[in-house]
Amino acid sequence: MAGSSTVNQIVDHLFRHESGRMVSVLSRLLGFQNLEAAQDIVQDTLLQAMNTWGYNGIPENPSAWLYRVAKNKAIDLLRRQKKFKEISPQYSYLLQSEYTLSSTVNNFFLDDEIQDSQLRMIFACSHPSIPEESQIALTLKTLCGLSIHEIAKAFLTNDETIGKRIYRAKEKIISEKIELSVPQGKELPQRLDVVLKCLYLLFNEGYNSSHPDKLIREDLCEEAIRLTYLLTLHPDTNVSRANALLSLMCFQASRLQARVDDKGNIVLLKYQDRSKWYKPLIERGTVYLEFASELGEASSYHIEAAIASLHAVAPTFEQTDWRSIYHLYESLYEMQPAPIVALNKAIASAYAVSKENALEQLLKIKGLEDYYLYHTSIGEIYFEMKDKKKAKKFYETALRLTSSHQEQELLMKKISSCDAV
Amino acid sequence: MLIFQGGMSSENSSPEFMQAQMGKWMAWIEKLSKAGKYVSGEPLLPGGKLIKGKSKTVTDGPYTEGKEVVGGFFIVNAENYDEAVKLCDDYPGYEYGGTIQVRQVMKMDM
């Protein structure tokens, strides 16, 4: 009876997450080249759920219900098509006979197998032959169940652009005969690095973007954390780097609530209400960082996580352990001599060493001329050194370079405070 | 009896959207149930057959266009049409072009 079920019974993002799981499982069953057929089955399944649950109430175990329906649809498709070799070369002999068809399909939907399928899907979506931007879009589409429109909205672009990125990825899947598998042996570490980078970028997209919709940004961060967490559940991929990345994500995500004020304006670290930082995530971050350090490795994720942890434990901005942070940035810069790392290192030096030292480092950086934060940072140092004229000049350059409303507002405030005597 | 026509296209809608849509639908049923207005309801699968004429010609139907397809029905308790129409206030399909036909079930007194 419909009245006996409440809407609250249904878990947040149930459809989204189950769609990611089912697409992974079905693609493994039907072959990755038939990704679209798998997506169609999932869409049909969710539609059927939407129609029948709406009238008859939510079943006791919604996930099991969805899997049963998806399973039956897959079996129907296999029976109808009879082209097992094309659909699923690996399992074709098991799927040809009615004796083994159902039980083979059933096996794919066992808990362990679902997790395994998702892991395979993560690797497949981050296949090195798929362009980076397409990797992220494909990951969001297949594993996170986001529609093309939702992805476009998250990346502040149009449906067409995202559609093209996914199309390119699908072309590669077919032309490169990409398979759903977890790479083994020597290949694993390299492939895992690409996966971690894709998840790192996905997280950053959510964390750094100045998207007006806070929910969208949080969704991206949440999905990145969910998938990275999945990596730590499997012995082959539960490596030190994965734990370090997960730790970094937890620390950063703990500040999501404090980073934006009620009006959607960005609040800088210095001015954030630290009581709003989400403690459970900081605790998780600390635990993963401990795992990561035990496993004895030092990747850039380790250093970034360590920096984030120092910020997370600091009671105030002033009481932050800037010296350690500065040293960590120095190590990070040795590992990745990128201008963006140099920028962060210089900012840390303003607090750890001196403003003069920071300014000297900043002015030496090449390659960030078009990056608003670079100019903002120089402006900031001049401002603190009481050279308001120079500060204003750099703020104005920064203002021209950012398209984000929130950033513009912040800069305009800074510029007017330069004028005030 | 509330008969639902059209309202939601499943094409291209994301899992998240579908879940949200279902949530609205269930909230509506819950509200009707709590008020003691909801009696029963069934969803209908798309497709079907239309049988016509003396020759009993069978064609695919009953409707061809998505917006004409009856997606399901509710039986509700209402004093009169005004009240029945009021019960439809929270129908989530309006936004997507859905319509509701409100009909009174005839009671045969014997």
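Chains as they are written, first to last, in the numbering used here: chain C, 922 to 1342; chain E, 691 to 800.
Cβ atoms here follow ideal geometry from the backbone N, Cα and C, with glycine treated the same way.
Contact with chain C by residue i, beta-carbon distance below 9 angstroms
i                         : result
proline 752 of chain E    : no
isoleucine 693 of chain E : no
methionine 716 of chain E : yes
glutamate 773 of chain E  : no
lysine 762 of chain E     : The sequence shown places glycine at residue 762 of chain E, rather than the lysine named in the question. Yes, because at least one Cβ of chain C sits closer than 9 angstroms to the Cβ of glycine 762 of chain E.
glutamate 769 of chain E  : no
glutamine 711 of chain E  : yes
isoleucine 719 of chain E : yes
glutamate 706 of chain E  : yes
valine 792 of chain E     : no
Cutoff 9 angstroms: residue i Cβ touching any chain E Cβ
i                          : result
arginine 937 of chain C    : yes
serine 940 of chain C      : yes
tryptophan 974 of chain C  : yes
alanine 970 of chain C     : yes
leucine 1320 of chain C    : no
isoleucine 1035 of chain C : no
isoleucine 979 of chain C  : yes
leucine 967 of chain C     : yes
valine 1188 of chain C     : no
leucine 1064 of chain C    : no
lysine 947 of chain C      : In the sequence as displayed, the identity of residue 947 of chain C is leucine instead of lysine. Output row for leucine 947 of chain C: interface = no.
leucine 1067 of chain C    : yes
histidine 1155 of chain C  : no
histidine 934 of chain C   : yes
Backbone CA spacing between residue i and residue j [nearest angstrom]
i                             : j                             : result
alanine 1179 of chain C       : valine 1188 of chain C        : 7 angstroms
cysteine 1047 of chain C      : arginine 1086 of chain C      : Residue 1047 of chain C is actually serine in this sequence, not cysteine. About 13 angstroms.
leucine 1015 of chain C       : serine 1024 of chain C        : 9 angstroms
leucine 1177 of chain C       : tyrosine 1293 of chain C      : 22 angstroms
leucine 1202 of chain C       : methionine 1170 of chain C    : 9 angstroms
tyrosine 786 of chain E       : aspartate 780 of chain E      : 13 angstroms
phenylalanine 1076 of chain C : valine 792 of chain E         : 43 angstroms
aspartate 965 of chain C      : lysine 994 of chain C         : 9 angstroms
valine 1026 of chain C        : phenylalanine 936 of chain C  : 21 angstroms
serine 926 of chain C         : methionine 708 of chain E     : Low confidence applies to serine 926 of chain C: its pLDDT is 46, below 50, so where it sits in the model is not reliable, and the reading given next is rough at best. Each residue's alpha carbon lies about 18 angstroms from the other.
serine 1038 of chain C        : valine 1115 of chain C        : 18 angstroms
isoleucine 765 of chain E     : threonine 789 of chain E      : 16 angstroms
asparagine 1265 of chain C    : glycine 1300 of chain C       : 15 angstroms
alanine 1227 of chain C       : leucine 1249 of chain C       : 8 angstroms
lysine 1191 of chain C        : aspartate 997 of chain C      : 59 angstroms
tyrosine 1088 of chain C      : phenylalanine 1212 of chain C : 39 angstroms
lysine 776 of chain E         : asparagine 770 of chain E     : 10 angstroms
glutamate 1239 of chain C     : serine 704 of chain E         : 46 angstroms
leucine 1289 of chain C       : glycine 762 of chain E        : 59 angstroms
alanine 768 of chain E        : lysine 797 of chain E         : 14 angstroms
glutamate 1081 of chain C     : alanine 1073 of chain C       : 8 angstroms
lysine 1335 of chain C        : proline 1260 of chain C       : 24 angstroms
valine 748 of chain E         : proline 782 of chain E        : 34 angstroms
lysine 739 of chain E         : aspartate 750 of chain E      : 5 angstroms
glutamate 1100 of chain C     : lysine 992 of chain C         : 21 angstroms
proline 736 of chain E        : leucine 1216 of chain C       : 56 angstroms
isoleucine 1083 of chain C    : aspartate 1308 of chain C     : 45 angstroms
methionine 922 of chain C     : lysine 724 of chain E         : The predicted model places methionine 922 of chain C with a pLDDT of 40, which falls under 50 and marks its position as unreliable; any figure quoted below should be read in that light. Those two C-alpha atoms are separated by around 12 angstroms.
aspartate 961 of chain C      : asparagine 955 of chain C     : 10 angstroms
proline 1279 of chain C       : glutamate 1143 of chain C     : Reading off the sequence shown, one finds alanine at residue 1279 of chain C, where the question assumed proline. Each residue's alpha carbon lies about 34 angstroms from the other.
threonine 1060 of chain C     : alanine 1090 of chain C       : 10 angstroms
tyrosine 1209 of chain C      : leucine 1067 of chain C       : 28 angstroms
serine 1230 of chain C        : alanine 1269 of chain C       : 15 angstroms
serine 1161 of chain C        : tyrosine 1150 of chain C      : 13 angstroms
proline 1258 of chain C       : glutamate 1251 of chain C     : 10 angstroms
> Which runs of the alpha helix (DSSP H), 4 residues or longer, sit entirely within the segment 961 to 1014 of chain C?
Replying inline: 983 to 1002 and 1005 to 1008
> Listed in chain order, which residues of the segment 1069 to 1088 of chain C have Cβ atoms closer than 9 angstroms to some Cβ of chain E?
Replying inline: Ile1069, His1070 and Glu1071
> For the segment 1116 to 1125 of chain C against the segment 1088 to 1108 of chain C, are there 3 or more C-beta pairs whose distance is under 8 angstroms?
Replying inline: no
>> With three or more C-beta pairs closer than 8 angstroms as the rule, is the segment 964 to 982 of chain C touching the segment 709 to 721 of chain E?
In response: yes
> Below 8 angstroms, can you find three or more Cβ-Cβ pairs linking the segment 972 to 987 of chain C to the segment 723 to 739 of chain E?
Replying inline: yes
>> Counting only Cβ-Cβ distances shorter than 7 angstroms, please list the residues of the segment 725 to 747 of chain E near chain C, keeping chain order.
In response: Tyr728, Gly731, Glu732 and Pro733
> Taking one C-beta from the segment 1317 to 1331 of chain C and one from the segment 1296 to 1304 of chain C each time, how about it: are there three or more such pairs within less than 8 angstroms?
Replying inline: yes
>> My parser needs the beta strand (DSSP E) runs of 3 or more residues fully inside the segment 716 to 753 of chain E; what are they?
In response: 728 to 733, 739 to 742 and 747 to 750
> Touching or not, the segment 1034 to 1051 of chain C and the segment 939 to 952 of chain C, by the rule of three or more beta carbon pairs under 8 angstroms?
Replying inline: yes
>> Closer than 9 angstroms between beta carbons: that is the criterion. Which residues of the segment 1103 to 1133 of chain C meet it against chain E?
In response: none
> At which residue ranges does the segment 1247 to 1321 of chain C contain complete alpha helix (DSSP H) runs of 4 or more residues, listed in the order of the chain?
Replying inline: 1260 to 1273, 1276 to 1285 and 1293 to 1305
> Three or more beta-carbon pairs under 8 angstroms between the segment 1160 to 1175 of chain C and the segment 1216 to 1227 of chain C, yes or no?
Replying inline: yes
>> My parser needs the alpha helix (DSSP H) runs of 4 or more residues fully inside the segment 1178 to 1249 of chain C; what are they?
In response: 1200 to 1215 and 1221 to 1234
> Taking three-plus beta-carbon pairs below 8 angstroms as touching, is the segment 1230 to 1245 of chain C in contact with the segment 1270 to 1279 of chain C?
Replying inline: yes
> What runs of the alpha helix (DSSP H), each 4 residues or longer, lie entirely inside the segment 1095 to 1153 of chain C?
Replying inline: 1108 to 1129
>> If the cut-off is 9 angstroms on Cβ atoms, which residues from the segment 951 to 967 of chain C count as contacting chain E, listed in chain order?
In response: Val963, Gln964, Asp965 and Leu967
> Mind pulling the alpha helix (DSSP H) runs of 4 or more residues that sit fully within the segment 1008 to 1080 of chain C?
Replying inline: 1013 to 1017, 1019 to 1029, 1032 to 1046, 1053 to 1063 and 1069 to 1075
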